[in-house]
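Chemist:
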Amino acid sequence: MKTTEKVFKFKATFLNGLILKMIALSLIISVLMFAVLNIDYSLVFFFSMLIVFCGVLLVFYLNRYDVEIIKITDKNIDIEYFNKSFFKQKRLLISRNDIDIEEKDNGILLLKDLATIGVIREKSLIAEDWDEFIHALAGGQRI
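Using this note's numbering, the letters of the sequence shown map in sequence onto residues 9 to 151.
#1: Beta carbon of Phe90, beta carbon of Glu111: below 8 Å?
#2: Considering just the uninterrupted stretch of the alpha helix (DSSP H) at Asp224, what are its terminal residues?
#3: Within the segment 25-84, note down every full beta strand (DSSP E) run reaching 3 residues or more, in order along the chain.
#4: If you follow the beta strand (DSSP E) that Ala123 is in, where does it begin and where does it stop?
#5: So, at 6 Å on beta carbons, what are the nonlocal neighbours of Lys17 in its own chain, with the 5 sequence-adjacent residues on each side left out?
#6: Could you give the distance in angstroms between the alpha-carbon of Ile102 and the alpha-carbon of Met57?
#7: What would DSSP say about Glu88, mapped onto helix, strand or coil?
#8: Assuming Phe16 is part of the beta strand (DSSP E), what are its boundary residues?
#9: In this structure, how does DSSP classify Gln149 when only helix, strand and coil are distinguished?
#10: Report the residue from Ile142, Ile59, Val67 and Phe94 whose alpha carbon sits nearest the alpha carbon of Gly25.
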């Protein structure tokens, strides 16, 4: 029996959106601090950098389960994640039988023992690939 492997590569739409929002919010807060606070500029710079750093950490934390590449075979699913620095997840090779799939409004959650192991957003693939991905993930069954 021949083993088929389907590989899907996702775009970082959620990550890009979070980074843009973090930059805009940090810039607005920093400008307000320079305009409103009557303290030494070195302290304002320090607080601005602290806000940006916390924003970067928050972006990485919120993006920790977003899937970059998923390889689906008849028996296993191989998952690689976007986040390769703070809060990173190791590459995961898991049996198809061990994964639960939960459909959400904007994508799919991959669960193992009720714990999230992957988030796949519908906007990260074009519509034709999304339908093929759903079919491959479900193994021909309806999700």
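C-beta: ideal position from N, C-alpha, C; glycine also.
Modeler: Taking the geometry as given:
#1: no
#2: With the chain running from 9 to 151 in the structure shown, residue 224 is simply not present.
#3: 75-80
#4: Ala123 to Arg129
#5: Ile77
#6: 40 Å
#7: strand
#8: Lys14 to Lys17
#9: Low local confidence applies: a pLDDT of 49 at Gln149 is under 50, so the model's placement there is unreliable, with the coordinate-based value given in what follows. Three-state DSSP puts Gln149 in coil, outside helix and strand.
#10: Val67
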